[in-house]
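**Student:** Residue numbers (my numbering): 1 to 98. C-beta atoms are modelled at their ideal positions from N, C-alpha and C, and glycine is treated no differently. Please find one structure pasted underneath; my questions will follow.
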């Protein structure tokens, strides 16, 4: 079952150590793995309008302490497969451009 639009806000650190806030829009479990789809949040409505509306897809993995963390998907084939599944699940709620 989809967790679409649960509205949970997630703060992530980018590669430069800057905090960015995202809204959780969906969770997907497939092939024994869990993935999340996030969209950036903006304080300024104009920034939202000007954004590219990029959907951020991350994989849930366990770190060395057994804690769940979000990680980028480095395998292009895996990313494309998961992105396609999210696109199918979310296309009724979002305008998705290919």
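Figure out for me which residue from 57, 66, 67 and 91 has the closest Cα to the Cα of residue 76.
**Tutor:** Cα-wise, what sits closest to residue 76 is 57.
**Student:** Do you know how far the Cα of residue 66 is from the Cα of residue 4?
**Tutor:** Only weak support is given to the placement of residue 4: the predicted model assigns it a pLDDT of 46, under 50, and the value that follows is read from those uncertain coordinates. Each residue's Cα considered, the two are about 26 Å apart.
**Student:** Between the alpha carbons of residue 26 and residue 79, how many angstroms are there, rounded?
**Tutor:** Residue 26 and residue 79: Cα-Cα distance of roughly 15 Å.
**Student:** Is the beta carbon of residue 99 less than 9 Å from the beta carbon of residue 30?
**Tutor:** The chain is shown from 1 up to 98; residue 99 falls before or after that span and cannot be answered.
**Student:** Taking Cβ positions, are residue 20 and residue 11 nearer each other than 9 Å?
**Tutor:** Yes, these two residues count as a Cβ contact at 9 Å.
**Student:** Are residue 70 and residue 61 close, meaning C-beta to C-beta below 9 Å?
**Tutor:** Yes.
**Student:** Just how far apart, CA to CA, sit residue 73 and residue 91?
**Tutor:** C-alpha separation (whole angstroms): 21 Å.
**Student:** Which same chain residues end up closer than 8 Å to residue 37 when comparing Cβ atoms and leaving out the 5 residues on each side of it in sequence?
**Tutor:** Excluding residues within five positions, the ones whose Cβ falls inside 8 Å are 24, 25, 26, 27, 28, 55, 56, 57, 86 and 90.
**Student:** Compare the C-alpha of residue 59 against each of 88, 32 and 40 and name the closest.
**Tutor:** Residue 59 has its Cα closest to that of 32, out of 88, 32 and 40.
**Student:** Helix, strand or coil for residue 22, going by three-state DSSP, please let me know.
**Tutor:** Strand, per DSSP.
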